[in-house]
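Residue numbers (numbering that gives the first Met the number 0): 0 to 242. Don't be surprised by glycine CBs; every beta carbon is placed ideally from N, CA and C. Predicted model, so just to flag it, every value in this text is computed and none were measured. Heads up, the thing below is written out as structure tokens.
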Amino acid sequence: MKSESKQNKMDVKTFRELFVHRDDVHAIQQPKGTYLPVKEAVTDADIEAHLEGRTTLGLYQVKPEVNTITWAVLDIDLTKEIWSDPNFKLEDWEDRILKQADLAQEYFKTVDITSYREHSGNKGYHVWIFFKTPVPAVQVKNAMNSLFKYMPKVDPGIDWEIFPKQAAVKEGSLGNLVKGASGYHHKSKKFSRFLDDINPATLQYVSEESLDQLNNLFAQPINRCGAMNKAVTQGIIEGHAKH
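Here is the structure:
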């Protein structure tokens, strides 16, 4: 595990800047992959332990009262029907799961949003986007639901979840968590790793204009019309429009 941790190039400052918005609580992954909430602030020591693979953080996304976020993620994974099959072999699915993550990244590009793909360290991929300043969770939730509502599946055995799941979280509540980036998965015994460069100096944050574009009136008829959405989807996949 030590040799793997040396490949992890993210530092504590970058991790905190990008991923720790709600800092009053976190969770620790258990050996079987579940998470135990810890109602304490996330310290630099916690982050360092996470990046080194000694522990693995689960991060709660939505900050109560203000209900804002600074990141969002599309969590792509295999369905339980697939991975619970006695004959399941991950290597049979790796190319298809990556293709789904690539397609999600192309969907983000259609609205001028730069996203960052990360292998989860287990069976899937995370596709992250970042905000320079906190934004309303409800705005991002609605925008991502709109964008990915009709994204085709590379295979029926692949599915995804959108985070934030909650538009708002009450004071004292936790909401859903996401495994901290660049962390060690204690069930699969592997580190998660970014396929795209996560460099604070060059990172492309989501602009308000791009976020607005996801929710604008022009996107709504496309999302509501199957024929129009099919044409747009085909254009994204092929890289050009036929008509």
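Query: Cβ-Cβ separation, L202 to L58 (assumed contact under 8 Å), whole Å; Result: In fact, because the Cβ distance is near 18 Å, the residues do not count as touching under 8 Å.
Query: N- and C-terminal bounds of the alpha helix (DSSP H) containing F87; Result: No alpha helix (DSSP H) contains F87, which DSSP labels as neither H nor E.
Query: Of the listed residues D91, I27, Q165, nearest to I46 (C-alpha basis); Result: I27
Query: Host alpha helix (DSSP H) of Q104 (start-end); Result: 93 to 108
Query: Alpha carbon of L173 to alpha carbon of D94, nearest angstrom; Result: 35 Å
Query: Cβ distance (whole Å) where F162 is taken to contact A100 below 8 Å; Result: 15 Å between Cβ atoms; not a contact.
Query: Check whether I68 and H125 have beta carbons under 9 Å apart; Result: no
Query: Counted within 10 angstroms of its Cβ, other Cβ atoms place D76 as buried (16 or more) or exposed; Result: buried
Query: Euclidean distance between Cα positions of P133 and P30; Result: 33 Å
Query: Residue burial classification, R116 (beta-carbon count within 10 angstroms, cutoff 16); Result: buried
Query: C-alpha gap between M150 and A103, whole angstroms; Result: 8 Å
Query: K140 versus A44: straight-line alpha-carbon distance, rounded; Result: 31 Å
Query: N66 beta carbon less than 9 Å from that of A166; Result: yes
Query: Straight-line Cα distance separating Q212 from S2; Result: Residue placement at S2 cannot be trusted, given a pLDDT of 36 that sits under 50; what the coordinates show is reported in the next sentence. S2 and Q212: Cα-Cα distance of roughly 43 Å.
Query: Sequence ranges, beta strand (DSSP E) only - wholly within the region 106 to 143, length at least 3; Result: 115 to 118, 124 to 135
Query: K178, enclosing alpha helix (DSSP H) - first and last residue; Result: First-last for K178: 176 to 178, but that is the beta strand (DSSP E), not the alpha helix (DSSP H).
Query: Burial state of G52 (16 or more Cβ within 10 Å); Result: buried
Query: DSSP bridge partner residues for R53 (one or two, in chain order); Result: For R53, which the question treats as bridged, DSSP gives no partner whatsoever.
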